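Notes for the one structure printed next.
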Amino acid sequence: MSKLITIERHFLEQQKYFPDAPGEVTDLLNDVAFAAKLVRREVVRAGLVDILGFAGSTNVQGEEVKKLDLFANEKIISAIGQHGRFAVMGSEENDGIIIPPQNETGSYALLFDPLDGSSNIDVNVSVGTIFSIYRLKASEPGNASLDDCLQHGSEQVAAGYVIYGSSVVMVYTTGHGVHGFTFDPTIGEFLLSHENIVTPKRGKYYSINEGSYQQFNEETKKYLDYIKEEDPATGRPYSTRYIGSLVADFHRNLLTGGVFVYPPTKTHKQGKLRLMYEANPLAFICEQAGGRATDGRNRILDIQPLSLHQRTPLYIGSEDDVIVAEEFEQGVR
Ligand code: AHG
Ligand code: MN
Ligand code: MN
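My numbering applies: residue 135 is where the sequence shown begins, and numbers increase by one.
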């Protein structure tokens, strides 16, 4: 019988890595795990309560917002903001930064995608929440600003995601390995289920929206033709797996190996995915698990953010598979 380690216990053990922040990181992560439980409660019964469907508004992304997007967003802001540990937040669903009312003590910034995979909410396909935590650059919590949110991904203190699927799993890193916890509804706790996740160097899956083939540049089309050729020596053809929820595609590839690509397209020259609350947190996790994450040329964690909702192409997953996809994107193959 494996040890029953709750996520709160695990957070506590991570504290030894932050001697100069006694208890702070533990508190931050507990805040996020608590909010995740509140979102999970609604996601798993979304079909029973009136939070399915469209909310009748569009967000800063120009995308139609689902009721569950807004619910998750409001829950995370209120459940976490009330403790005052975050001086500033940035959410996919909010145009500008969020300064929580009790922000006088917070020394951290939280960037998050409250509900990832919105197109899948009403059809019971896995969706998720993605989060990223930075220490404030500002001298005083009361002076927190957009600048505290626009930091290189390499500055992250912690990052993680929750995937609301057949089971609810929370995965996080503080820069000391990647650890996964499965929610046990009978006790209301996330229990350690995936200790020290290490992603395979190469997989057999590639994840890309093939429906956008005509939108892709020639380099991406050449890559797609290559990955589907018959060549047992290089494990080709790969199998395609694309759920349409980044967290679900990422989580599968993290555990089994594989590569997820959201490349530049004719309509989205920088791709569709957002740097601050999708690419950066998942890149931190991916690298901690031995994988690789770039925009096709540059390491995601080194990109200098210029705006809160900045988009970036994303090549992420098993190191060898990402390198092959990059070589096509760079025209060297
Ligand atoms: P969100 O629901 O937070 O807007 O994210 C949706 C993203 C991501 O989850 C997924 O990988 C991607 O959109 C799918 O985009 P396409 O439908 O263009 O493939
Ligand atoms: Mn998303
Ligand atoms: Mn979202």
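Backbone N, C-alpha and C define an ideal beta-carbon position, used for all residues, glycine too. Being a predicted model, the structure only gives us computed values, none of them experimental.
Asked: Buried or exposed (CB count within 10 angstroms, at least 16 for buried), Leu138; Found: exposed
Asked: Residues that Ala427 bridges to, as DSSP identifies them; Found: Ile450
Asked: Endpoints, beta strand (DSSP E) assigned at Thr316; Found: Val312 to Asp318
Asked: Alpha-carbon to alpha-carbon, Gly294 and Val312; Found: 9 Å
Asked: Supposed close pair Ile488, Leu389 - CB separation, criterion 8 Å; Found: Given that the chain is displayed from residue 135 to residue 467, the structure contains no residue 488 and the question cannot be resolved.
Asked: Cβ shell of Leu146 (< 7 Å), same chain only, five flanking positions each side left out; Found: Thr160
Asked: Three-way DSSP call (helix, strand, coil) for Lys209 in this model; Found: helix
Asked: Beta-carbon contacts of Tyr376 that lie in its chain and below 7 Å, excluding the five residues immediately before and after; Found: Ser341, Ile342, Asn343 and Asp383
Asked: Sequence ranges, beta strand (DSSP E) only - wholly within the stretch 204-276, length at least 3; Found: 220-225, 242-250 and 261-269
Asked: Burial state of Thr428, where buried means 16 or more other Cβ atoms lie within 10 Å; Found: buried
Asked: For Ser373, the residue or residues it bridges with in DSSP; Found: Tyr339
Asked: Contact under 8 Å by Cβ, Glu421 with Ile264; Found: no
Asked: 3 or more residues per run - each beta strand (DSSP E) lying fully within the stretch 277-311; Found: 292-298 and 302-307
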